Amino acid sequence: MPQILLTNATLACIDGAAGYGLRENAALLVDAGRIAWIGSTRDCPVSAASTDASGVEVYDCGGKLVTPGLIDCHSHLVYGGDRADEFEMRLEGASYAEIAESGGGIISTVNATRAASLEQLFEQALPRARQLMSEGLTTLEIKSGYGLDSANEIKMLRAAAMIERELGLRVVKTFLGAHALPPEYAGRSDDYIELVCNEMLPAAHAEGLVDAVDVFIESIAFSVEQGERVFATAQQLGLPIKAHVEQLSDLGGAVMAANHGALSVDHIEYLQAEDVVTLANNHCVAVLLPGAFYVLREQQLPPLSALREQGVDIAIASDSNPGSSPLHSLLLTMNMACTLFRMTPAEALRGVTLNAARALGLEQQIGSLEPGKVADLVIWDVDRPAMLSYRIGINPCVAVMQAGHWRESVKQAVA
Ligand code: DI6
Ligand code: FE
1 MPQILLTNAT
11 LACIDGAAGY
21 GLRENAALLV
31 DAGRIAWIGS
41 TRDCPVSAAS
51 TDASGVEVYD
61 CGGKLVTPGL
71 IDCHSHLVYG
81 GDRADEFEMR
91 LEGASYAEIA
101 ESGGGIISTV
111 NATRAASLEQ
121 LFEQALPRAR
131 QLMSEGLTTL
141 EIKSGYGLDS
151 ANEIKMLRAA
161 AMIERELGLR
171 VVKTFLGAHA
181 LPPEYAGRSD
191 DYIELVCNEM
201 LPAAHAEGLV
211 DAVDVFIESI
221 AFSVEQGERV
231 FATAQQLGLP
241 IKAHVEQLSD
251 LGGAVMAANH
261 GALSVDHIEY
271 LQAEDVVTLA
281 NNHCVAVLLP
291 GAFYVLREQQ
301 LPPLSALREQ
311 GVDIAIASDS
321 NPGSSPLHSL
331 LLTMNMACTL
341 FRMTPAEALR
351 GVTLNAARAL
361 GLEQQIGSLE
371 PGKVADLVIW
381 DVDRPAMLSY
391 RIGINPCVAV
401 MQAGHWRESV
411 KQAVA
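To convert, note that position 391 of the sequence shown is 391 in our numbering; the numbers rise steadily by one, no gaps.
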C-alpha cells in the first residue's frame, strides 16, 4: 500500500473539545491505512517534488474541505417491506402509538422481515446503504429487531454482515431483540424477555454477530425493569449496551441505562433536564434522531441546553427505518439537527463523526483526523464545514477514503 499525501486541504479535524478543529492549508499523510501525520502543507515530511522517487501518491486538494468519514451510529437499515400505508394513515390523523397498538407499526415490519429470505433482506438493504455511502459514510451501525425470534434476528444480523463484506463499509451490528413484543407472546412480555436473555441473545452472540445490545424502553415496548434484565445478560456476555429511551414518554430508561454504563441513550426527547447529569456522570453519549422527530411531527424537544451545560457528548443519526424515519441521508440529518433542534453546524458535524464513534465505543479508532487513527476521510467540494449542514439536497462529496483506500475516484475530486 503506497503512502498517500493530501496537500492544500482545509481539514476539519474534530479533535479539540469543541468546534471543527479547523486547519487551513493543511497536509495529511496516510501510511498503511492510518493517518501518519498532520501538519501544514509547507512542513510536509515528503515534498511533492520527491513524489516519484519516494513512491508517495500526492493529491493537491486545492483548498477543499476534508472531514473524517461520516458515521451513522443508529440505524435499522435491514428489514422487509415498507410502511408507506402507515405514512398515509398518520397524515390522516392516526398516531404512531395507535398504529402500533392496533398491530401495525413495528409488528407489520416484523411480519415482512420474517417472510423475507436472507438474500432478499440483503438485496433490499444494499441500495439504502449505498445511498448513505454516497454522502461520505464510512461506518454504519445496523440493528436487528424485526425478527423477534432467534432464527430471524440472526438472519437480520447476517444480512448486516453481508453488507459489510459487499460494500467494504465498516458495519457495527447491534442486537435489538427487545424491540417489540412478537404476536405469539401477546400478554406474556416477561416470558419473551426470558427468551431474549436465555436463547436469542446467546445464540446470536455465539455466531459472532453481536457488537452491542439495544432495548426499546417505552409503553408500547418494554419496561425499565425488563430492559435491565436484558442489560444484565449482555454484560454477562461482555457486550456493550445502549437503549432507545424517552422517545414518546418519560419512563426513566435513560437514567437506568446510563447507570448501567450504556454507551449511549437514543432519542431522549422526553428526558428531564435534571436527569441529564446522570448521563454526564457516566460518560453516556446522547444520540439525537431528528428524522424520527420530523416524521412523527413530534413537539417535545430533547433537552439540548442541559446536555450542553453538563458537557454530554451529543451524536446524531439517521435512525433509518421503515416506520418513524425512512431517511437515508446524513447530510439531511445534520440539517434537521440544526433546523429542528437548534444544534450548531459544528455540533452536527461532531455528531456524525467523533461523537458517533463514541456512541459505538470506537473513538480510539475512528471519528476524527488525528495521527494513529484509521484513515477514513471524505473530500467535499466546499470551502468550509458549515456548508454541509446548511444546504439541502446537494451532495458535495467528491472522494471517500476508507481505511487508506480510495473508494471514489480521487482523480476527479482534486485538480
Ligand atoms: N424507535 C424508533 O424510532 C424505531 N425503533 C424504535 O424503537 C422505529 C422502528 C419502526 O417504527 O419500525
Ligand atoms: Fe431506532
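Where a beta carbon is used, it is the ideal one built from N, C-alpha and C, also for glycine. This structure is a prediction, so every number in the text was calculated from the model and none was measured.
Cutting at 6 Å between CB atoms, please list the residues of its own chain near Val-30, excluding the five before and the five after it.
Residue 30 sits at position 30 when you count from the first residue of the sequence shown. Ile-4, Ala-375, Gly-404.
Tell me whether Gly-291 is buried or exposed, calling it buried when 16 or more other Cβ atoms sit within 10 Å of its Cβ.
Here residue 291 corresponds to residue number 291 of the sequence shown, with the count starting at 1. Gly-291 comes out buried.
Taking Leu-330 as part of the beta strand (DSSP E), name the residues at either end of that continuous run.
Counted from its first residue, the sequence shown places residue 330 at position 330. Taken as a continuous stretch (DSSP letters only), Leu-330 belongs to no beta strand (DSSP E), being part of the alpha helix (DSSP H) at 330-341.
Reducing DSSP to helix, strand and coil, say where Ile-154 ends up.
Here residue 154 corresponds to residue number 154 of the sequence shown, with the count starting at 1. Note: Ile-154 maps to helix in three-state DSSP.
Tell me Gln-402's beta-bridge partners as DSSP assigns them.
Sequence index remark: in the sequence shown, residue 402 carries index 402 (1-based). Its beta-bridge partners are His-405.
Asn-259 CB to nearest heavy atom of the ligand DI6 below 6 Å:
Here residue 259 corresponds to residue number 259 of the sequence shown, with the count starting at 1. Because no heavy atom of the ligand DI6 lies under 6 Å away, the Cβ of Asn-259 does not count as near it: no.
Roughly how many angstroms lie between the CA atoms of Tyr-20 and Ala-26, to the nearest whole one?
As a position in the sequence shown, residue 20 is number 20, starting the count at 1. As a position in the sequence shown, residue 26 is number 26, starting the count at 1. Going from the Cα of Tyr-20 to the Cα of Ala-26 covers about 14 Å.
Are there three or more Cβ pairs, one per stretch, closer than 8 Å when the region 156-171 is compared with the region 186-203?
no
Helix, strand or coil at Gly-393 [DSSP, three-state]
Translated into positions along the sequence shown, residue 393 becomes position 393. Reduced to three states, the DSSP call for Gly-393 is coil.
Grab the span of the beta strand (DSSP E) containing Tyr-79 for me, first residue to last.
As a working note, residue 79 is residue 79 in the sequence shown. Careful: Tyr-79 lies outside any beta strand (DSSP E) and carries neither H nor E.
Local Cβ density within 10 Å of Pro-302, reported as buried at 16 or more and exposed below that:
One-based indexing of the sequence shown puts residue 302 at position 302. It is buried - the Cβ of Pro-302 has at least 16 other Cβ atoms within 10 Å.
Looking at the structure shown, is Asn-281 part of a helix, part of a strand, or coil, going by DSSP?
Here the question's residue 281 lines up with position 281 in the sequence shown. Here Asn-281 sits in helix by DSSP.
Can you list, in chain order, the residues of its chain whose CB lies under 7 Å from that of Asn-335, leaving out five sequence neighbours each side?
Along the sequence shown, read from residue 1 onward, the residue named residue 335 stands at position 335. Result list for Asn-335: Ser-389, Ile-392, in chain order.
So, using beta-carbon positions, are Gly-252 and Val-224 closer together than 7 Å?
Translated into the one-based positions of the sequence shown, residue 252 becomes position 252. Translated into the one-based positions of the sequence shown, residue 224 becomes position 224. For Gly-252 and Val-224, yes; Cβs fall inside 7 Å.
Please give me, in chain order, every unbroken run of the beta strand (DSSP E) with length at least 3 that falls completely inside the region 124-205.
As far as the region 124-205 is concerned, its whole beta strand (DSSP E) runs of at least 3 residues are 137-143, 170-178.
Compute the beta-carbon to beta-carbon distance between Ser-329 and Leu-77, rounded to the nearest angstrom, for a pair I have assumed lies under 8 Å.
Your numbering for residue 329 matches position 329 in the sequence shown. Your numbering for residue 77 matches position 77 in the sequence shown. The C-beta distance from Ser-329 to Leu-77 rounds to 13 Å, too long to fall under 8 Å, and the pair is not in contact.
Collapsed DSSP secondary structure at Leu-388 in the structure displayed:
If you number the sequence shown from 1, residue 388 lands on position 388. Helix.
Within the region 51-123, note down every full beta strand (DSSP E) run reaching 3 residues or more, in order along the chain.
57-60, 65-68, 70-72
Range covered by the alpha helix (DSSP H) that runs through Thr-233:
Here residue 233 refers to the residue found at position 233 when the sequence shown is read from its first residue. It spans 224-236 - the alpha helix (DSSP H) in which Thr-233 sits, taken as one unbroken run.
Taking just the CA atoms, how far does Ser-324 sit from Leu-296?
Your numbering for residue 296 matches position 296 in the sequence shown. Your numbering for residue 324 matches position 324 in the sequence shown. Cα to Cα, the separation comes out at about 6 Å.
Three-state secondary structure (DSSP) at Val-295?
On the sequence shown, residue 295 is found 295 positions in, with the first residue counted as 1. In this structure, Val-295 counts as helix in the three-state DSSP scheme.
The ligand FE heavy atom lying under 6 Å from the CB of Asp-214:
As a first step, residue 214 must be located in the sequence shown, where it is residue number 214. It does not: the Cβ of Asp-214 is nowhere closer than 6 Å to a heavy atom of the ligand FE.
Buried versus exposed call for Ile-394 [16 or more other C-beta atoms within 10 Å across all chains shown]
If you number the sequence shown from 1, residue 394 lands on position 394. With fewer than 16 other Cβ atoms within 10 Å, it is exposed.
Spatial neighbours of Tyr-96 in its chain, beta-carbon cut-off 8 Å, leaving aside the 5 residues before and after:
On the sequence shown, residue 96 is found 96 positions in, with the first residue counted as 1. Result list for Tyr-96: Arg-90, Gly-105, Leu-248, Leu-296, Gly-323, Ser-324, in chain order.
Beta-carbon within less than 7 Å of Asp-60's beta-carbon, same chain only, minus the 5 sequence neighbours each way: which residues are those?
Within the sequence shown, numbered from 1, the residue matching residue 60 stands at position 60. Cβ within range, chain order: Thr-7, Asn-8, Val-414, Ala-415.
Would Gly-80 and Thr-41 be called neighbours here (beta carbons separated by less than 7 Å)?
Taking the sequence shown and counting its residues from 1, the one referred to as residue 80 is at position 80. Taking the sequence shown and counting its residues from 1, the one referred to as residue 41 is at position 41. For Gly-80 and Thr-41, no; Cβs fall outside 7 Å.
Within a Cβ cutoff of 8 Å, which residues of the same chain sit near Asp-43, ignoring the five residues on either side of it in sequence?
Taking the first residue of the sequence shown as position 1, residue 43 is located at position 43. These residues qualify, in order along the chain: Ala-27.
Can you tell which of His-74, Leu-148, Ala-258, His-244 has the C-alpha that lies nearest to the C-alpha of Tyr-185?
For this step, residue 185 is matched to residue 185 along the sequence shown. That would be Leu-148, whose Cα lies nearest to the Cα of Tyr-185.
Near Thr-32, which residues of its chain fall below 8 Å by C-beta distance, leaving aside the five closest residues on each side in sequence?
Position 32 of the sequence shown, counted from the first residue, corresponds to residue 32. The question names Thr, but residue 32 in the sequence shown is Ala. Excluding residues within five positions, the ones whose Cβ falls inside 8 Å are Met-1, Gly-404.
Between Asn-321 and the ligand DI6, is there a pair consisting of the residue's CB and a ligand heavy atom that are separated by less than 6 Å?
For the purposes of this step, residue 321 is identified with residue 321 of the sequence shown, where counting begins at 1. Yes, since a heavy atom of the ligand DI6 falls inside the 6 Å radius drawn around the Cβ of Asn-321.
Going by C-alpha distance, which of Ile-71, Cys-73, Ser-102 is nearest Glu-86?
As a first step, residue 86 is located in the sequence shown; it is residue number 86 there, counting from the start. Answer by Cα proximity: Ser-102.
Report the three-state DSSP secondary structure of Glu-24 (helix, strand or coil).
Here residue 24 refers to the residue found at position 24 of the sequence shown. Residue state, collapsed to three classes: strand.
Nearest by alpha-carbon distance to Glu-207: which of Leu-157, Ala-254, Val-230 is it?
Numbered from 1 along the sequence shown, position 207 holds the residue referred to as residue 207. For Glu-207, the nearest C-alpha among the options comes from Leu-157.
Contact under 7 Å by Cβ, Leu-331 with Glu-135
Against the sequence shown, residue 331 aligns to sequence position 331. Against the sequence shown, residue 135 aligns to sequence position 135. Between Leu-331 and Glu-135, the C-beta gap is smaller than 7 Å, which places the two residues in contact.
Rounded to the nearest angstrom, what separates Leu-354 and Leu-118 at their Cα positions?
As a working note, residue 354 is residue 354 in the sequence shown. As a working note, residue 118 is residue 118 in the sequence shown. When rounded, the distance between both Cα atoms is 32 Å.
Of the choices Val-110, Arg-229, Arg-23, Ile-38, whose alpha-carbon is the least far from that of Pro-371?
Reading the sequence shown from its first residue, position 371 is the one you call residue 371. Nearest C-alpha to Pro-371: Ile-38.
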